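Okay, so here's the structure we're looking at.
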Amino acid sequence: MKKPLFFLLLMLMASCKKETSVMVEKPAELEVPKGMVWIPGGEFSMGAVKNDPMALDHEKPAHPVAVEGFFMDVTEVTNKEFEKFVNETGYVTVAEREIDWEEMKKQLPPGTPKPHDSILQPGSLVFKKPGKKVPNLYDFSQWWEWKIGANWKHPAGPDSNLEGKEDYPVVHIAYEDAVAYAEWAGRRLPTEAEWEYAAKGGAKNAIFGWGDDETLIKEKANTWTGIFPTENNLADGYERVAPVKSFPPNDYGLYEMTGNVWEYTSDWYNTKYYTESLEKGTLLNPSGAKAPYNSHNPQVPEKVIKGGSFLCHVSYCASFRPSARMQNSLDSSHEHLGFRTIATPEMLE
Numbered sequence: 001m002k003k004p005l006f007f008l009l010l011m012l013m014a015s016c017k018k019e020t021s022v023m024v025e026k027p028a029e030l031e032v033p034k035g036m037v038w039i040p041g042g043e044f045s046m047g048a049v050k051n052d053p054m055a056l057d058h059e060k061p062a063h064p065v066a067v068e069g070f071f072m073d074v075t076e077v078t079n080k081e082f083e084k085f086v087n088e089t090g091y092v093t094v095a096e097r098e099i100d101w102e103e104m105k106k107q108l109p110p111g112t113p114k115p116h117d118s119i120l121q122p123g124s125l126v127f128k129k130p131g132k133k134v135p136n137l138y139d140f141s142q143w144w145e146w147k148i149g150a151n152w153k154h155p156a157g158p159d160s161n162l163e164g165k166e167d168y169p170v171v172h173i174a175y176e177d178a179v180a181y182a183e184w185a186g187r188r189l190p191t192e193a194e195w196e197y198a199a200k201g202g203a204k205n206a207i208f209g210w211g212d213d214e215t216l217i218k219e220k221a222n223t224w225t226g227i228f229p230t231e232n233n234l235a236d237g238y239e240r241v242a243p244v245k246s247f248p249p250n251d252y253g254l255y256e257m258t259g260n261v262w263e264y265t266s267d268w269y270n271t272k273y274y275t276e277s278l279e280k281g282t283l284l285n286p287s288g289a290k291a292p293y294n295s296h297n298p299q300v301p302e303k304v305i306k307g308g309s310f311l312c313h314v315s316y317c318a319s320f321r322p323s324a325r326m327q328n329s330l331d332s333s334h335e336h337l338g339f340r341t342i343a344t345p346e347m348l349e
């Protein structure tokens, strides 16, 4: 009886090992694409680390994940890069298109009245610093303003432009805009697992991408320093978006994986996904939940965004950690949301 059981256990162990083995080294025949870096594959615990006091419930429970090696953009996609895509394809972003009320109201509670036509015009959300202390940090409307005419070419509104901002991250990008760029470039958006693994830079059990020292944030990332959202003391040198490569890279050579602008992943946001994942053992190259679900916003499909932004502060979202995650509806764009792309070896063959 013991002998068959022994061999059965060996077979199960071998099976498990095979399932989670991943490509670590870059295939020798492939060159690293310009502007990208190789991220060696490996296993890690996805989600909040045990000693993280800032972790939110939707970062839990942590669960074992393995990802294959891949190439990733060293920086967020810049205005210059996105402009090349638009010039070659004639692409028009969501923020530049006329608003379709019939489509919009499908994402709103039944009976929501139609806004005046003067409001239903192309635009995007822009940060507006309140002139006085805000009583409730959960009321986002106190610092977000719908700005008609704001889009990737006019990040602060119709009177702004990209002069001198060629190397800033492109913002006011909706999910389909990011996907369109990635497909044009022969790449794709990272999964949440790929993004989080890369953001850790090899520091698998650390709270931040550089370790556990919170005092280094102003040296390592563009976040809100001061009193959010009314006073920014510019301790990190920036009040809003910073040019790419303004802060040191992580140990994988990736810049601004913490702060500056949030970044899209391809995963659906689903509040049940982490709990369901823990029950499945080590997941190999997970692509996220099969369907979106947010118990607080069930009628709107949302994607996971990662990394935090120049607006993140310990008193507010504290999302300057690899495990931090937020959700964003498919057609929403903001002044603090951008993206970067990845490519797998198979995509380059």
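Mapping to the UniProt record's numbering: the sequence shown position 14 is 14, numbers consecutive. Cβ coordinates follow ideal geometry from the N, Cα and C atoms, glycine included. Only a predicted model underlies this, so the values are computations on that prediction, with no experimental measurement involved.
* **Boundaries (first-last residue) of the alpha helix (DSSP H) holding Met347** => 345-348
* Which class does Ile217 belong to by DSSP, given the choice of helix, strand or coil? -> helix
* Asked: Taking contact to mean at least 3 C-beta pairs separated by less than 8 Å, is the segment 204-214 in contact with the segment 291-305?
  -> no
* Counting Cβ pairs, one atom from each stretch, are 3 or more of them under 8 Å apart for the segment 249-262 and the segment 316-336? -> yes
* To do: Please say whether Phe70 and Pro190 have beta carbons closer to each other than 9 Å?
  => yes
* **Residue closest to Lys280, alpha-carbon to alpha-carbon, out of Val65, Glu25, Asp57** => Val65
* To do: State the CB to CB distance for the pair Leu162 and Ser333, rounded to an integer number of angstroms; the pair is presumed to be in contact (CB under 8 Å).
  => The pair is not a contact, with the Cβ atoms about 16 Å apart (cut-off 8 Å).
* Pick from Pro345, Ile39, Val86: whose alpha carbon is nearest that of Ala178? -> Val86
* Asked: Could you give the C-beta distance for Ala306 and Trp143, rounded to a whole number, given that I count them as a contact under 8 Å?
  -> The sequence shown places Lys at residue 306, rather than the Ala named in the question. Between Trp143 and Lys306 the Cβ distance is about 21 Å, and since that is not below 8 Å, they are no contact.
* Measuring CB to CB, does Leu254 end up less than 9 Å from Val37? -> yes
* Same chain, Cβ closer than 6 Å to Met54, neighbours up to 5 away in sequence not counted -> Ala318
* Beta-carbon gap between Phe310 and Thr215 smaller than 9 Å -> no
* Spatial neighbours of Phe44 within its chain, please: CB distance less than 7 Å, with the 5 preceding and 5 following residues excluded, ordered by chain position. => Val65, Tyr197, Lys200, Lys204
* Local Cβ density within 10 Å of Gly90, reported as buried at 16 or more and exposed below that -> exposed
* **Own chain residues within Cβ distance below 6 Å of Leu137, not counting five before or after** => Tyr316
* **Given Asp73 as reference, the closest of Val49, Lys133, Gly35, Asp100 once Cα atoms are compared** => Gly35
* Give the DSSP-derived three-state secondary structure of His154 in the structure shown. => strand
* To do: Output the distance between the C-alpha atoms of Ala180 and Asp236, rounded to the nearest integer angstrom.
  => 33 Å
* Element boundaries [beta strand (DSSP E), containing Tyr264] -> 262-268
* What are the partner residues of Glu239, as DSSP defines its beta bridges? -> Partner(s): none; Glu239 has no beta bridge.
* Asked: Is there contact between the segment 118-132 and the segment 324-344, where contact requires at least three CB pairs shorter than 8 Å?
  -> yes
* Just the Cα atoms here: how many angstroms apart are Thr271 and Val67? -> 22 Å
* To do: Using three-state DSSP, classify Lys80 as helix, strand or coil.
  => helix
* Nearest to Tyr252 by CA position, among Ile39, Glu29, Pro33, is which residue? -> Ile39
* Residue span of the beta strand (DSSP E) that contains Lys200, given as start and end -> Note, Lys200: premise wrong, no beta strand (DSSP E); alpha helix (DSSP H) at 192-200.
* Asked: Which residue from Val241, Glu346, Ser323 puts its Cα closest to that of His336?
  -> Val241
* Roughly how many angstroms lie between the CA atoms of Glu145 and Val171, to the nearest whole one? -> 15 Å
* Three-state secondary structure assigned by DSSP to Val304 -> strand
* **Ser277: first and last residue of the uninterrupted beta strand (DSSP E) it sits in** => Careful: Ser277 lies outside any beta strand (DSSP E), inside the alpha helix (DSSP H) at 273-278.
* Asked: What number of angstroms, rounded off, separates the C-alpha of Ile227 from the C-alpha of Lys132?
  -> 11 Å
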